[in-house]
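Take a look at the structure set out below.
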Amino acid sequence: MKDKVFRLFNFYKMATVLSVGLTLAAPTVAFSQAVPTPPPSGKPETRPATEKPAPPTPAQEETTGPVQDPSLIAKESARWHYERALVLNAQEKPSKALAALYRAFDWIDARRAELETAAKSKLTPVERKTLDVIERDAKDRRLNGSKVQGEAWALYREQIEKLAQTTLSTTRLDEWVSLKRDQAECSYLAAVIHARNGRAADAITALASVVDADPAIPEHVPARLLLIRSYQQIRAWERALPHLKQLMSELSVSDPQARKALLTLSRARAGQRTDDTPEAAMRVAIAAIDDTLYSEPGKFREATLGRKLRDPLVYIELADLFSDEEDSAEVESTLAEAIRVRGGFFPVAFLGIADLDEVAGQSLEAAGKKKEAFARYESALKDYDMAFNQMKALDFTEGSDLDVSHLEQLRKKIAALQPAATR
44 MKDKVFRLFN FYKMATVLSV GLTLAAPTVA FSQAVPTPPP SGKPETRPAT EKPAPPTPAQ
104 EETTGPVQDP SLIAKESARW HYERALVLNA QEKPSKALAA LYRAFDWIDA RRAELETAAK
164 SKLTPVERKT LDVIERDAKD RRLNGSKVQG EAWALYREQI EKLAQTTLST TRLDEWVSLK
224 RDQAECSYLA AVIHARNGRA ADAITALASV VDADPAIPEH VPARLLLIRS YQQIRAWERA
284 LPHLKQLMSE LSVSDPQARK ALLTLSRARA GQRTDDTPEA AMRVAIAAID DTLYSEPGKF
344 REATLGRKLR DPLVYIELAD LFSDEEDSAE VESTLAEAIR VRGGFFPVAF LGIADLDEVA
404 GQSLEAAGKK KEAFARYESA LKDYDMAFNQ MKALDFTEGS DLDVSHLEQL RKKIAALQPA
464 ATR
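Position in the sequence shown (from 1) plus 43 gives the number in this note's numbering.
Written out as structure tokens, the structure is:
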């Protein structure tokens, strides 16, 4: 089975690079220099962004209908920077995509700080002083990596969560949860980029805020599997073992060899003799999870979307699986669903649907069905235009970022077919 970690954006490349002709440019700064290694929080200590986060606005809620106005995505918001990161990664600009994600993290931090301040205002002076001591230890850089700091962070998160749940208004509490979802989505995209560039340690750091997200956030099976893979790459099988057990249980992996591999790992951790090495056992267990999760799109959907996980990359990976099976109808349906969930703003998904329509139009035209081809080409042009308008709303510009020559060629083809289509 192919490694899904490095296939996650194959569909992106098909839609945005091969068909639309987005201008690709190599990063001007070396990847390792442009993106600092993030600390345990999942964010870098020194971010590429120089501007301050924009004034926060309420997080957008998921909708069931398309929103056609790109301006509904607040500029410089976490969502805005995240959508930019999706496009930049599709353009094979990982360092720039990560820079956009760090700006999203800044925005999330700024808004979360405001909500925390609002919650803390309800405390008595004594309660506030106690919480301030815990927060000081949790954020003290002199304690980085220490057990004291770890315990302080756990206690602080627990206390601030209880405080938010009991003091914030319903609207603010909804936003509090929404920020956690935004953080998880941004972190997962960052982890995927790190993994694809061979930076397993950075992927592990980013994934911590995804697999350990709030219980209100659905279990992220692909993220946990990526975490296991990343631990495997740095030969940290003992740290991977708890996640491996959890994932095999959640996916009901019944393969006898996988169960034997899990037993081998448990015995090795206990210092007992085993017939196989932990590294070999890890490979067997991961292969079994792969077979369970990716053997068919339906199983992947059940383990992700079926659990109400709405991560954009999960939709893209599901579309990628249907693409493997050459099921264009399901690819389009998956991308259309993703667009609805994203409130109508998802330029990469629009590009994917446009590509499907254009390819279908080419087949119909070759078969002499000019009227049907005309209709598919028109549909493709509509989605291409929508995608480009949304990317322009994300500050991508024609010429330097977007090559519109393909759209002009498509318009000429439509004009040439129009007489035959209207007869």
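Beta carbons: idealized from backbone N, C-alpha and C, even for Gly.
I need the DSSP call for E119, collapsed to helix, strand or coil. coil
Is it right to say Q300 is buried, meaning 16 or more other beta carbons lie within 10 angstroms of its own, or is it exposed? exposed
Quick one: is G404 buried, meaning 16 or more other Cβ sit within 10 Å of its Cβ, or exposed? buried
Is the beta carbon of A234 less than 8 Å from the beta carbon of H263? no
Rounded separation between K455 and G442 - CA only: 20 Å
Label P462 either buried or exposed according to how many other C-beta atoms from any shown protein chain fall within 10 Å of its C-beta, with 16 as the threshold for buried. exposed
Short check: CB of L174 to CB of Q202, under 8 Å? yes
Which complete alpha helix (DSSP H) runs does the region 256-306 hold, if anything under 4 residues is left out? 264-276 and 280-293
Taking C-beta to C-beta, are A304 and A324 nearer than 8 Å? yes
Can you give me the start and stop residues for the alpha helix (DSSP H) that Q202 sits inside? K190 to T210
Three-pair Cβ contact test at 8 Å for the region 339-354 versus the region 256-276: yes
Is the CB-CB distance between R215 and L250 below 8 Å? no
When burial is assigned at 16 or more other CB atoms within 10 Å of the CB, is A238 buried or exposed? buried
C-beta atoms of L356 and Y231 nearer than 8 Å: yes
A143 burial status per 10 Å Cβ neighbour count (16 or more: buried): buried
Between the Cα of A313 and those of W280, V130, F439 and R419, spot the shortest distance and give me the residue it belongs to. W280
Going by CA-CA distance only, name the one from K205, L206 and D183 that's closest to A195. D183
Would you mind sorting V391 into buried or exposed? The rule is 16 or more other CB atoms within 10 Å of its CB. buried
With distances taken from CA atoms, which of Y337, A283 and Q276 is nearest V254? A283
Using three-state DSSP, classify L437 as helix, strand or coil. coil
Straight-line CA distance for Q111 to G387? Per-residue confidence for Q111 stands at a pLDDT of 48, beneath the threshold of 50, marking its modelled position as unreliable; no derived number is given.
Among T465, S448, D438 and A381, nearest to E415 - alpha-carbon criterion: T465
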